[in-house]
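When you line the sequence shown up against this note's numbering, it's residues 2 to 640, in that order.
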Amino acid sequence: MAAGRGEQSALRRLIEEDAVGQLRRRGGLMAALGSEDGALKLDWVEAVARLLADPTGLEEVEAEACAIRERGIRHIIWAGMGGSVLTVRVLCQLGFCNGQNDPEAPDPKGEAVAIYPLDSTDPAALNAIVRAIAAAKHLALPTHSPAAMGGPESETPAEAAFLHALLHDVMMIGVSMGMTSEEPITHLTWFTGLLAQAGLRLAEHLVVMTLPGSYLDAFAQEHQAPRRPLQLDGGTGTGGRMSAPGTRVFLLPAALYLTGHDTAPGQLRAVLQRAWDEYDLDLAAARPADHPFVRLAAAISGASSDGACRVLVRMPEGWGGFVPWLEQLMEESLGKGGQGVVIFDDQTLNRSALAYREDGLLRVQVVAGTLQAAGTQPLAHDRLFILSQPALAATQPHDRLAALAANFLGWQLSMAIYGYLHRIPFAGQPAVENYKARARALRAQPDPLLSVAEWRPAIRDGDLTLLAPAETIPSGQEEPASLLASAFTSVLRAAAATGDADRRSERRFLGYLDVTINGQAPASVLSLLDEHVHALGNTLLGVPVKLRRAPAAYHSTEQSEMDGPRDLVSLRLVARDSEACLVGSYTNRFLHAQAVSTWQAMLEAGRICFLLVIGGTLADALEPLADFFTRVQADLGQP
2 MAAGRGEQSA LRRLIEEDAV GQLRRRGGLM AALGSEDGAL KLDWVEAVAR
52 LLADPTGLEE VEAEACAIRE RGIRHIIWAG MGGSVLTVRV LCQLGFCNGQ
102 NDPEAPDPKG EAVAIYPLDS TDPAALNAIV RAIAAAKHLA LPTHSPAAMG
152 GPESETPAEA AFLHALLHDV MMIGVSMGMT SEEPITHLTW FTGLLAQAGL
202 RLAEHLVVMT LPGSYLDAFA QEHQAPRRPL QLDGGTGTGG RMSAPGTRVF
252 LLPAALYLTG HDTAPGQLRA VLQRAWDEYD LDLAAARPAD HPFVRLAAAI
302 SGASSDGACR VLVRMPEGWG GFVPWLEQLM EESLGKGGQG VVIFDDQTLN
352 RSALAYREDG LLRVQVVAGT LQAAGTQPLA HDRLFILSQP ALAATQPHDR
402 LAALAANFLG WQLSMAIYGY LHRIPFAGQP AVENYKARAR ALRAQPDPLL
452 SVAEWRPAIR DGDLTLLAPA ETIPSGQEEP ASLLASAFTS VLRAAAATGD
502 ADRRSERRFL GYLDVTINGQ APASVLSLLD EHVHALGNTL LGVPVKLRRA
552 PAAYHSTEQS EMDGPRDLVS LRLVARDSEA CLVGSYTNRF LHAQAVSTWQ
602 AMLEAGRICF LLVIGGTLAD ALEPLADFFT RVQADLGQP
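(1) DSSP on Asp621, reduced to helix/strand/coil?
(2) Should Glu17 go down as buried or exposed, given a rule of 16 or more other Cβ atoms within 10 Å for buried?
(3) Quick check: the Cα distance between Gly585 and Gly179, rounded to an integer number of angstroms?
(4) Could you pull out every unbroken alpha helix (DSSP H) segment of at least 4 residues lying fully inside the region 282-364, listed in chain order?
(5) Under a three-way DSSP split, which group does Asn589 fall into?
(6) Going by alpha carbons, who is nearest to Leu443 out of Glu279, Leu393 and Arg590?
(7) Return helix, strand or coil for Trp79, following the three-state DSSP convention.
(8) Which one or two residues does DSSP pair with Arg1 in a beta bridge?
(9) Would you decide whether Ser525 is buried or exposed? Buried here means 16 or more other CB atoms lie within 10 Å of its CB.
(10) Hey, could you find the ends of the alpha helix (DSSP H) Lys437 is sitting in?
(11) For Met82 and Ala553, which I take to be in contact (beta-carbon distance under 8 Å), what is that distance rounded to the nearest angstrom?
(12) Would Ala299 pass as a contact of Gln9 if the rule is Cβ separation under 9 Å?
(13) Could you tell me the boundaries of the beta strand (DSSP E) in which Asp462 lies?
(14) Met173 lies in the beta strand (DSSP E); which residues open and close that run?
(15) DSSP three-state label for Lys110, please.
(16) Against chain C, with Cβ distances strictly below 9 Å, would Ala428 count as a contact?
(17) Mind checking whether Leu410 and Phe97 have CB atoms under 9 Å apart?
(18) Rounding to the nearest angstrom, what Cα-Cα distance links Thr599 and Ala551 in this structure?
(19) Nearest by alpha-carbon distance to Gly139: which of Met210, Thr157, Val575 and Phe163 is it?
(20) Closer than 6 Å by C-beta to Glu37: which residues in its own chain qualify, once you throw out the five before and the five after it? Chain order, please.
(21) Take His292 and list the residues in its own chain whose beta-carbon comes closer than 6 Å to its own, dropping the five residues that flank it on each side.
(22) Counting pairs of beta carbons, one from the region 460-468 and one from the region 65-76, are three or more of them closer than 8 Å?
(23) Consult DSSP for Leu257 and reduce its assignment to one of helix, strand or coil.
(24) Assuming Ala115 and Arg90 make a contact with CB atoms under 8 Å, what is their CB distance in whole Å?
(25) Can you tell me where the alpha helix (DSSP H) holding Ala576 begins and where it ends?
(26) Give the single residue among Gln268, His556 and Leu619 whose Cα lies nearest to the Cα of Val433.
(27) Have a look at the DSSP bridge pairing and note the partners of Pro118.
(28) Roughly how many angstroms lie between the CA atoms of Val46 and Ala245, to the nearest whole one?
(29) Compare the C-alpha of Gln634 against each of Leu619, Arg567, Arg384 and His535 and name the closest.
(30) Can you say whether Thr157 is buried or exposed, counting buried as having 16 or more other CB atoms within 10 angstroms of its CB?
(31) Compare the C-alpha of Trp544 against each of Leu527, Pro523, Glu562 and Leu514 and name the closest.
(32) Verify whether the separation of the beta carbon atoms of Arg228 and Met243 is less than 9 Å.
(33) Give the DSSP-derived three-state secondary structure of Asp263 in the structure shown.
(34) Using 8 Å as the threshold, is the region 210-224 in touch with the region 384-395, meaning 3 or more CB pairs across them?
(35) Can you tell me where the alpha helix (DSSP H) with Ser389 in it begins and where it stops?
(36) Less than 9 Å between the C-beta atoms of Asp578 and Asp621, yes or no?
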């Protein structure tokens, strides 16, 4: 579609101020916005060019991948948070790291390596990986008390033999691209204990990739674990959100996939060369208005309101797994000072609903073809930007991998340009350090949920307890159980009905609804929530919705929820009980600490945030949750 005035104005400014040139030269305003604590974090901008200029680095990563396979490793648990793991999750969802052998490969038998992303502190997440690895080997899981399995007090020869059979071809790669991430340390502690019980050497089954001086680096040194630099040149100027495709977070999984087809060196180099050519940063610098991702940034800026924009993204068929990575890139980078870009998967909004509004909203449709071939027209009253990416139509795995890498690069450029246009520092995520510090203190308590046992106002109905922001419910009033749903509804209705004058003066309105599940929810609960949350947000309110999975979401979108656009209502769910760990020892204490600390930090930041505490497990709450959301929808549907 033709560029609007805001987009045209943004493009003129980018051209006049040579914004892309500043980014490449690492100077000017771009350097200021791309620095954290005075240190430049712009190594990602030309990372691929540097890798291509290095005659040996990429081939060394391929050799590293071959060595892992030659040691007999067939399963890798990739433990990290945020940008340290999201790229790997995308690769798995696109079929590159799922352990399936390609029948067209020269030797299709037994060479594939399966990678299991681990970004949760719920024991159920560890159990899911253990079950998957055991099933791949046709191993029967222990039938006795799972909490004892792998514990030194109860170790038996049979248990040690089972753990050896389970783990002899398993490696854990612990990754942290931030200084203070502690979740991977808990995973590594669990895994190293199992290795000891199984009689397996740590050095053959563990690798750490992190920044010098980080919490994870200290753990690696203490345990003498093998370490690899994230950047091949040993640099530290790449934030986790920009880990793909220029660091080992992308390069090692890609190399494991490529060398599983053909061990000849140079494949990774060919993929990156094609991606760099497709991306064409030279075009962005010389003729910004002709570059699709520069135009995309200008379009988002043109559609924004006071520096904030809600972007609904539709990817081509088969590429939907890219959206969570995009959420993290935009929201962790730009969600600051009430500004930012909030990403949603494509949703149909009810335009006649109370909270629907067009300002600050843009739909982006990514098409695997040319604009002419797309034949897409904007819907009435919708702002639509069509992003043509012909490479996404590729069917050959190497070409699809290159197309993915090119899109990583392109969206990173769009992010930086939007930050430039609105003067948003896109390096660092200062807001999340608040909840990290709170969680660290809560983890020292036997039961972090006890810290909110006396919170008021709290409304109880059976196994559900709703902890509400203090100003939303009259203090000192005894709330009958029937008001559990209506208390939440009243806040949604008030936010949706904010008058135009209040919107202009305070930017307080309902822009989107967030529902965050702390822990590993069963499919039945996820399906229930997905149905109700979309009906509540899209249909009854006319706003986009997020259904987030925590604690992973706290490393990918929480910066924006705490410090970005203020126009959200958030409901967080946490269950008191979790699955017992099948092997080894791992509790839900960290999970509970994160649930409470993020809720507290949201309230301190002035955000509308509820915490719904479930008395049993998430699975036990299926009927109470269905009743709660049904009541909310019924209440909201009343005039």
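From the three backbone atoms N, C-alpha and C, an ideal C-beta is built for every residue, glycine too.
Once the coordinates are examined:
(1) If you number the sequence shown from 1, residue 621 lands on position 620. The DSSP-derived three-state label of Asp621 is helix.
(2) Your numbering for residue 17 matches position 16 in the sequence shown. By the neighbour-count rule (16 or more Cβ atoms within 10 Å), Glu17 is not buried but exposed.
(3) Sequence index remark: in the sequence shown, residue 585 carries index 584 (1-based). Sequence index remark: in the sequence shown, residue 179 carries index 178 (1-based). The alpha-carbon atoms of Gly585 and Gly179 are separated by roughly 27 Å.
(4) 282-287, 293-304 and 324-335
(5) To locate residue 589, count along the sequence shown from 1; it is residue 588. Here Asn589 sits in coil by DSSP.
(6) Position 442 of the sequence shown, counted from the start, is the residue given in the question as residue 443. Comparing Cα-Cα distances from Leu443 to each of Glu279, Leu393 and Arg590, the minimum goes to Arg590.
(7) On the sequence shown, residue 79 is found 78 positions in, with the first residue counted as 1. Here Trp79 sits in strand by DSSP.
(8) Shown here, the chain extends from 2 to 640; a query on residue 1 therefore has no answer.
(9) Here residue 525 corresponds to residue number 524 of the sequence shown, with the count starting at 1. Exposed.
(10) Within the sequence shown, residue 437 is the residue found at index 436, counting from 1. Here the alpha helix (DSSP H) through Lys437 covers Val433 to Leu443.
(11) Sequence index remark: in the sequence shown, residue 82 carries index 81 (1-based). Sequence index remark: in the sequence shown, residue 553 carries index 552 (1-based). Rounded, the Cβ-Cβ distance is 7 Å, consistent with contact.
(12) Reading the sequence shown from its first residue, position 298 is the one you call residue 299. Reading the sequence shown from its first residue, position 8 is the one you call residue 9. Yes, Cβ-Cβ distance for Ala299 and Gln9 is below 9 Å.
(13) Residue numbering aside, residue 462 sits at position 461 when the sequence shown is read from its first letter. Segment Ala459 to Asp462, the beta strand (DSSP E) holding Asp462.
(14) Taking the sequence shown and counting its residues from 1, one reaches residue 173 at position 172. First-last of the beta strand (DSSP E) with Met173: Val171 to Ser177.
(15) Along the sequence shown, read from residue 1 onward, the residue named residue 110 stands at position 109. Only weak support exists for where Lys110 lies, its pLDDT of 46 falling under 50; the coordinates are left without a value.
(16) Checking the listed chains, one finds no chain C in this structure; it contains a single protein chain.
(17) Start at 1 with the first residue of the sequence shown, and residue 410 comes out as number 409. Start at 1 with the first residue of the sequence shown, and residue 97 comes out as number 96. One thing to note: Leu410 has its Cβ no nearer than 9 Å to the Cβ of Phe97.
(18) Along the sequence shown, one-based indexing puts residue 599 at 598. Along the sequence shown, one-based indexing puts residue 551 at 550. Looking at the two C-alpha atoms, the distance is approximately 10 Å.
(19) As a working note, residue 139 is residue 138 in the sequence shown. For clarity, residue 139 is His in the given sequence; the question names Gly instead. The residue with the shortest Cα to Cα distance from His139 is Phe163.
(20) Position 36 of the sequence shown, counted from the first residue, corresponds to residue 37. Closer than 6 Å at the Cβ level, and outside the excluded window around Glu37, lie Ala428 and Gly429.
(21) Numbered from 1 along the sequence shown, position 291 holds the residue referred to as residue 292. Counting only Cβ-Cβ distances below 6 Å, and skipping sequence neighbours, we find Leu284 and Ala285.
(22) no
(23) As a first step, residue 257 is located in the sequence shown; it is residue number 256 there, counting from the start. Helix, per DSSP.
(24) Within the sequence shown, numbered from 1, the residue matching residue 115 stands at position 114. Within the sequence shown, numbered from 1, the residue matching residue 90 stands at position 89. The pair is not a contact, with the Cβ atoms about 13 Å apart (cut-off 8 Å).
(25) As a first step, residue 576 is located in the sequence shown; it is residue number 575 there, counting from the start. Counting along the chain, Ala576 falls outside any alpha helix (DSSP H), though it belongs to the beta strand (DSSP E) covering Leu569 to Ala576.
(26) In the sequence shown, residue 433 corresponds to position 432, counting from 1. It is His556.
(27) Here residue 118 is taken as the residue at index 117 of the sequence shown, counted from 1. Its beta-bridge partners are Trp79.
(28) Indexing the sequence shown from 1 puts residue 46 at position 45. Indexing the sequence shown from 1 puts residue 245 at position 244. Approximately 11 Å between the Cα atoms of the pair.
(29) Within the sequence shown, the letter at position 633 stands for residue 634. Of the candidates Leu619, Arg567, Arg384 and His535, the one whose C-alpha sits nearest the C-alpha of Gln634 is His535.
(30) Translated into the one-based positions of the sequence shown, residue 157 becomes position 156. Looking at its Cβ environment, which holds fewer than 16 other Cβ atoms inside 10 Å, Thr157 is exposed.
(31) Counting from one through the sequence shown, the residue named residue 544 turns up at place 543. One point to set straight first is that residue 544 is Val, not Trp, in the sequence displayed. The residue with the shortest Cα to Cα distance from Val544 is Leu514.
(32) Sequence index remark: in the sequence shown, residue 228 carries index 227 (1-based). Sequence index remark: in the sequence shown, residue 243 carries index 242 (1-based). No, these two residues do not count as a Cβ contact at 9 Å.
(33) Residue 263 sits at position 262 when you count from the first residue of the sequence shown. Residue state, collapsed to three classes: coil.
(34) Result no; under three Cβ-Cβ pairs closer than 8 Å.
(35) Reading the sequence shown from its first residue, position 388 is the one you call residue 389. Run containing Ser389: none in the alpha helix (DSSP H); it sits in the beta strand (DSSP E), Leu385 to Ser389.
(36) Translated into the one-based positions of the sequence shown, residue 578 becomes position 577. Translated into the one-based positions of the sequence shown, residue 621 becomes position 620. Cβ distance < 9 Å, so Asp578 and Asp621 count as in contact.
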